[in-house]
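> I'd like to ask some things about the structure below.
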Amino acid sequence: MHKDDKICEIYVVLDDATPIAVEEGLQKSNEGTRYNLRTQSYQVHQIEGSPCGLIDVESRNLSEMQQNNNAEVEDESDEEYVGMDVGTMGDGTENTGSSDEDSVSKEVDEDLEIESEKSYHSLYNSSDSDDDEQVEVFEGEIYEVDEDNPIIEVGRKFEDVYHYRRSLEHFAILGEFSVTYIKSDQRRVITRCASKDCPWRVHASRLPEEGVFQVKTMHGEHLCSSVNKSGNKMATKNWVADRVIEWLRNEGEVAPSELRRRLMEKYRVELPYHRVWRGKEIAMSIIHGCWDHSYSKIMAFKEELVRRNHGTVVKLDKVQQHDGWHFRRIFISIGACSIGFLTGCRPFLGLDGCHLKGKFKGVMLAATSIDGANKLFPVAYGIAESENIESWTWFLSALYEAIGMPDGLVLASDRQKGLEEAISKIYPLAEHRTCVRHLYKNFKKKFAGNILQRIVWTAANAFTTTSYNSSLEELKVVNMRAYEWFLDLERKREIWSRSQFGTIAKCHYITNNISESFNAWVADPRHRPVLDLLDIVRQKIMEMMDKRRTLGAKWKGKVVPFVMKNVRELSMGLTEYQVRRSTDFKAEVSYKDKRCEVVLNERKCTCRRWQVSGVPCVHALAFIHSIRGAKWEDYIDDYFSVDKYRATYHMEVAPMPDMNEWITIGDDEPLLPPISRRRLVGLEK
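In UniProt numbering, the protein residues as written are 1 to 685.
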């Protein structure tokens, strides 16, 4: 049959040949029926040269209409597929309707009588007879899918079967029902409501000419109750990934428990924790790339980093198994950091580890110093399987290769597992300080109370042995067992009070806050794959070095602004201090009932603050200000000079190209992920 003959069957021609709108003519031809006519997919225009003003009504794609005449309708034999997994189904064959002219005419008429429903479900009544069942069949437009609120209706087109199934699953969740796939392959998807008593069905198939997927029929209305309360099975891990990916992109890290709460609040569906966790893992892989593949590029990253940055030390520890080499640990000390530390920073390092938050278990170990302006300065960082004697010994051995043993080196820690043993082995001559905040936290578990707290912190802040012993004597009177607890620390030679600090490092910190600051600084990257984590930290260091190098170049004067501000504040009220000179360099400085001896040329005061901190104490400032022409800047330790600050940041961290441009030297096999170090699901609630 000629296609024009088919078109004529939907022309509207009145006896008097008076042109009218298609919508009007169609409505008149269906008066008394309960259907509204859908005409939005047709184009209406006057046929040029037509004497009677005929209306030409074209389908947007006539070939699709002809294809739909052979609509794929599932028969009762399809019921054997109900409840089967998609992966276990055979290809099967589709049953097609009659292709004779009467059938074509009937299907076209049905197409004109379809109810246009824009609600969440397209609802149709069904009778007991399959022949009388009301089925929506329509060839529609290609719509841009609303991923957050998809519409499943007859005529709706989707890019492919993947996007259709994703949209159908989300459509079902929003409608609080579940579906069963009767047939599902690359050519068609036939589904029904999972509730056996519910007649709702939908059939979609691929349009060969366009390559898109289109909903062909939908019939029945939902008679089932909500299934979201019991954890809708349509809310798969892939569905979770689609829903949470933007939250993770915008916020960086959201705990699975929080994602679970948000999904419940927005979509009214309760999900098990492990499904949300796995969905988050998929989303993170989409955002940041494959976690496993990240390890395969570490060798190239190491070689590129060393090649571009002079003095860089990178150590890699790997384990061989039957399937290849597996990643174990990595240590990185960029040349600009290690050299900057040795030339400009005080010999003080905070050691600490923090847990990785990604797919695989592990910890990030770091050695962090402070510059002359009291800002954190990363010296080395790396990744290990956990904090233990072996991993810390390996890390400190690599650190020793990078920086050696600077004079007066101080190592501060939070009493991490295995670190004390590793320090005594690799850095036996270093001064190992214990963070007072963590020390008191352990003390408080046995000895609580405000009085004990005050005594402990007073002892920690004491610069002299006399003041320290005075605090312990007070503690002895208040609580003998608490006093014995601190005596045990002395027997272990733990250093936690300023009275025990050496005078070379010029750092009077009693906590390890510098390491805590570094952990917060790398909080976001710790949720990323290992290569992203290492590279992002490198980028952060690169930008930090550049900004501070630029800042230091602008400073004028001899001393960094941070110290100048502190000295000015400390010098307020010096007139209340009485200075009695012994020589040009020695004096007694009294304040109320206390007196100190100050020796300027040796930069000493009996209060010991000057010796420990490197900045003149209030007694020394009082003496300096009493001398005509003397400048307090001349008595500041060189670690706080602008020259030292500039030396700290004089080297640059070289930029790196895209990883595809990294040069790999040698035939080393790509590394595999750590052995049995995958983060477990379900432990976090």
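Glycine is no exception: its CB is placed at the ideal position from the N, C-alpha and C atoms.
Given the structure is predicted, the values throughout are model-derived calculations rather than measurements.
What is the DSSP secondary structure of residue 693, counted as helix, strand or coil?
Residue 693 lies beyond the range of the chain shown here (1 to 685); nothing can be said about it.
> So, with DSSP's three-state summary, where would you put residue 663?
coil
> Could you spell out where the beta strand (DSSP E) holding residue 313 opens and where it closes?
313-321
> Around the C-beta of residue 648, are 16 or more other C-beta atoms found within 10 angstroms, so that it is buried, or is it exposed?
buried
> Could you name the residues of the same chain whose beta carbon sits closer than 8 Å to that of residue 298, not counting the 5 residues immediately before and after it, in chain order?
316, 327, 330, 530, 531, 534 and 671
> Counting Cβ pairs, one atom from each stretch, are 3 or more of them under 8 Å apart for the region 549-569 and the region 340-354?
no
> Counting C-beta neighbours from all protein chains within 10 Å, is the total for residue 335 16 or more, i.e. buried, or is it exposed?
buried
> State the Cα-Cα distance for the pair residue 170 and residue 244, rounded to the nearest angstrom.
The straight-line gap from Cα to Cα measures roughly 13 Å.
> Of all the options 195, 185, 197 and 495, which has the alpha carbon lying nearest to the alpha carbon of residue 203?
185
> Using only CA atoms, which one of 225, 205, 252 and 284 lies nearest to residue 237?
If we check each option's Cα against that of residue 237, 284 comes out closest.
> With a threshold of 16 other CB atoms inside 10 Å of the CB of residue 241, please say whether the residue is buried or exposed.
buried
> Alpha carbons only, please: which of 439, 395, 389 and 411 is nearest the one belonging to residue 421?
Out of 439, 395, 389 and 411, 389 has the C-alpha closest to the C-alpha of residue 421.
> Considering only residues of the same chain and omitting the five flanking positions on each side of residue 607, which have a CB-CB separation below 8 Å?
463, 464, 596, 617 and 619
> In terms of DSSP beta bridges, what is residue 325 paired with?
320
> Cβ atoms of residue 351 and residue 521: under 8 Å apart, would you say?
no
> Closer than 8 Å is the cut-off here; do at least three beta carbon pairs connect the region 249-257 with the region 201-215?
no
> Rounded to whole angstroms, what is the Cα-Cα separation between residue 413 and residue 513?
One C-alpha to the other measures close to 10 Å.
> Figure out for me which residue from 494, 503 and 448 has the closest Cα to the Cα of residue 478.
The candidate whose alpha carbon is nearest that of residue 478 is 448.
> Taking only three categories from DSSP, how would you classify residue 675?
coil
> Per DSSP, what kind of secondary structure is residue 595 in: helix, strand or coil?
Residue state, collapsed to three classes: strand.
> Which one of 603, 359 and 354 has the shortest CA to CA distance from residue 506?
603
> Which one or two residues does DSSP pair with residue 353 in a beta bridge?
Its beta-bridge partners are 365.
> Does DSSP put residue 24 in a helix, a strand or coil?
Legend: pLDDT at residue 24 = 41, less than 50; position of this residue unreliable, no value from coordinates given.
> Candidates 224, 268, 473 and 246: which alpha carbon is nearest residue 235's?
Of the candidates 224, 268, 473 and 246, the one whose C-alpha sits nearest the C-alpha of residue 235 is 268.
> Three-state secondary structure (DSSP) at residue 434?
strand
> For residue 690, which of 309, 370 and 452 has the nearest alpha-carbon?
Residue 690 is absent from the structure shown; the chain starts at 1 and stops at 685.
> Using DSSP's beta-bridge definition, name the partner residues of residue 156.
BP columns for residue 156 are empty, so no partner.
> Does the structure place the region 641-659 close enough to the region 542-551 that three or more beta carbon pairs sit under 8 Å?
yes
> Taking C-alpha atoms, which residue in 158, 259 and 393 lies nearest to residue 692?
The structure shown does not extend to residue 692, since the chain is modelled only from 1 to 685, so the question has no answer here.
> For residue 292, count neighbouring C-beta atoms within 10 Å of its own C-beta (all shown protein chains included) and say buried if the count is 16 or more, exposed if not.
exposed
> Report the partner residues of residue 699 according to the DSSP bridge assignment.
What is shown of the chain runs 1 to 685, which leaves residue 699 out entirely.
> When we look at the beta-carbon of residue 634 and count the other beta-carbons within 10 Å, is it buried (16 or more) or exposed?
exposed
> What are the start and end residues of the beta strand (DSSP E) that includes residue 410?
Boundaries of the beta strand (DSSP E) harbouring residue 410: 410-413, taken from the DSSP string.
> Mind pulling the alpha helix (DSSP H) runs of 4 or more residues that sit fully within the region 228-277?
237-251 and 256-267
> Determine the burial state of residue 232: buried for a count of at least 16 other Cβ atoms within 10 Å of its Cβ, exposed for fewer.
Label assigned to residue 232: buried.
> Does the separation of the CB atoms of residue 416 and residue 353 fall below 8 Å?
Contact: yes.
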